[in-house]
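S.K.:
There are 2 protein chains.
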Amino acid sequence: MDSCPLCQPDTDETIWADASCRVLLVDDEDHPGYCRVIWHAHVAEMSDLTPADQRHLMNVVMATEIALRELMQPAKINLASLGNKVPHLHWHVIARFVDDRHFPDAIWGKLQREGVRRNGPARAALHDALVVALTELRAG
Amino acid sequence: MDSCPLCQPDTDETIWADASCRVLLVDDEDHPGYCRVIWHAHVAEMSDLTPADQRHLMNVVMATEIALRELMQPAKINLASLGNKVPHLHWHVIARFVDDRHFPDAIWGKLQREGVRRNGPARAALHDALVVALTELRAG
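Listed in order, the protein sequences are those of chains A and B.
In case it helps, my numbering puts the first sequence at residues -16 to 123.
In case it helps, my numbering puts the second sequence at residues -16 to 123.
1. Kindly give me the distance between the Cβ atoms of residue 14/A and residue 83/A, rounded to whole angstroms, as I take these residues to be in contact under 8 Å.
2. Any beta-carbon of chain A closer than 8 Å to the one on residue 62/B?
3. Is the CB of residue -14/B under 8 Å away from at least one CB in chain A?
4. Of the residues that make up the region 28 to 53 of chain A, which ones have a beta carbon closer than 7 Å to any beta carbon in chain B?
5. Per DSSP, residue 76/A is paired with what?
6. Helix, strand or coil: which one does DSSP assign to residue 127/A?
7. In its own chain, which residues sit with a C-beta less than 8 Å from the C-beta of residue 48/B, not counting the 5 before and 5 after it?
8. Once the 5 residues before and after residue 40/A are set aside, which same chain residues still bring their CB inside 8 Å of it?
9. With a threshold of 8 Å between beta-carbons, can residue 89/A be considered close to chain B, or not?
10. Can you tell me which of -11/B, 50/B and 79/B puts its alpha carbon nearest to the alpha carbon of residue 115/B?
11. The alpha helix (DSSP H) with residue 40/B in it runs from where to where?
12. Just checking: is the beta-carbon of residue -8/B within a distance shorter than 8 Å of some beta-carbon in chain A?
13. Counting only Cβ pairs nearer than 7 Å, list the residues of chain B close to residue 92/A.
14. Closer than 7 Å, Cβ to any Cβ of chain E: which residues of the region 64 to 79 of chain A, in chain order?
15. Return the residue from the list 67/A, 112/A and 57/A that minimises the CA-CA distance to residue 92/B.
16. Buried or exposed for residue 18/A, going by 16 or more other Cβ atoms inside 10 Å?
17. Among 85/B, 8/B, 121/B and -4/B, which one has its Cα closest to the Cα of residue 99/B?
18. Below 8 Å CB to CB, which residues in the same chain sit around residue 122/A once its five sequence neighbours on both sides are set aside?
19. Are residue 94/B and residue 46/B closer than 8 Å when you measure CB to CB?
20. In the DSSP assignment, find the unbroken beta strand (DSSP E) run with residue 6/A in it and report its ends.
21. By the 10 Å Cβ neighbour count, where 16 or more other Cβ atoms means buried, how is residue 79/A classified, buried or exposed?
22. Heavy atom of the ligand MG less than 7 Å from the Cβ of residue 76/B, yes or no?
23. Nearest to residue -15/A by alpha carbon, out of 57/A, 37/A and 25/A?
24. Ordered along the chain, which non-local residues of its own chain (more than five positions away) have a Cβ less than 7 Å from that of residue 9/B?
25. What residue from -12/A, 108/A and 97/A has the CA that sits closest to residue 55/A's CA?
26. Tell me the DSSP bridge mates of residue 107/B?
27. Would you tell me roughly how many angstroms separate the C-alpha atoms of residue -2/A and residue 113/A, rounded to the nearest one?
28. Please work out which residues of its chain come closer than 8 Å, Cβ to Cβ, to residue 96/B, disregarding the five sequence neighbours upstream and downstream, and give them in chain order.
29. Please state the DSSP three-state secondary structure of residue 24/B.
30. Does the distance from the CB of residue 43/A to the CB of residue 69/A come in under 8 Å?
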């Protein structure tokens, strides 16, 4: 749909894509290990996809989770498909750390602390490592 | 693990179960269409499961989503696996309504309004309908 922001390509943050979906590394300084997996077509819910497409999308979400775990050793991975504001199917895949600004709440929850250090590798290094990891995981 | 609340059975809220996981109808008066899908074994992350177990768990999450959509016609379904506080794999499957207390934020986000009406069927009716729907969806 013309008015949907996720129907537009987001070239600057995209780190991997295939014919069905794309993976972005979100530029969020509070949560450096924050990826978004976006289904290309404008559908609202996971259950609007065929079972085969659901499996494909979840496989890409899992590859993203595995890459973030390997690269950042987070305390926890958070997965979420909400879409209340932008009802175009997308998954948040977020590496969480005990000293991040919202832990142990959801990143949409209460601010817990200020001025925490940035966990994990620098953004450019993380970007490049994620590209390699996703390409290998999806090829493997 | 002995100290993990999700390693204990929760008989009162459980509406469906198989050998691997169980579905609860959460007693949340702000969000009546709120289910939780809990993996029986104590693992933290989706990617700790085998690919076959990931598919099985996601199939149960999808059956729960489909049942909630059919029974409640929500504005949106929210799916989330967070586990920052209780790192035992579980999924939140939440029917969201434009007049619920947190919409369009996540239910873990900012309170948006007070005193909204309860959407959908009464809890007892929803409970019984979910049992039937999940049983049929998982058998089908």
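Backbone N, C-alpha and C define an ideal beta-carbon position, used for all residues, glycine too.
In this text, all values refer to a predicted model and were calculated from it rather than measured experimentally.
M.R.: Let me lay it out:
1. Yes, residue 14/A and residue 83/A are in contact; Cβ-Cβ is about 6 Å, under 8 Å.
2. yes
3. no
4. 28, 29, 30, 37, 38, 41, 45, 48, 49 and 52
5. 18/A and 62/A
6. No answer is possible for residue 127/A: the residues shown for chain A start at -16 and end at 123.
7. 60, 62 and 76
8. 3, 4, 20, 22, 29, 32, 72 and 74
9. yes
10. 50/B
11. 34 to 55
12. no
13. 91 and 92
14. The displayed structure is made up of protein chains A and B, and chain E is not among them.
15. 67/A
16. buried
17. Of 85/B, 8/B, 121/B and -4/B, the residue nearest in Cα terms is 85/B.
18. none
19. Not in contact: residue 94/B and residue 46/B (Cβ atoms no closer than 8 Å).
20. Residues 4 to 8.
21. buried
22. The ligand MG is absent from the structure shown, which contains no ligand whatsoever.
23. 25/A
24. -4, 17, 18 and 19
25. 108/A
26. For residue 107/B, which the question treats as bridged, DSSP gives no partner whatsoever.
27. 7 Å
28. 82 and 84
29. coil
30. Contact flag unset, no.
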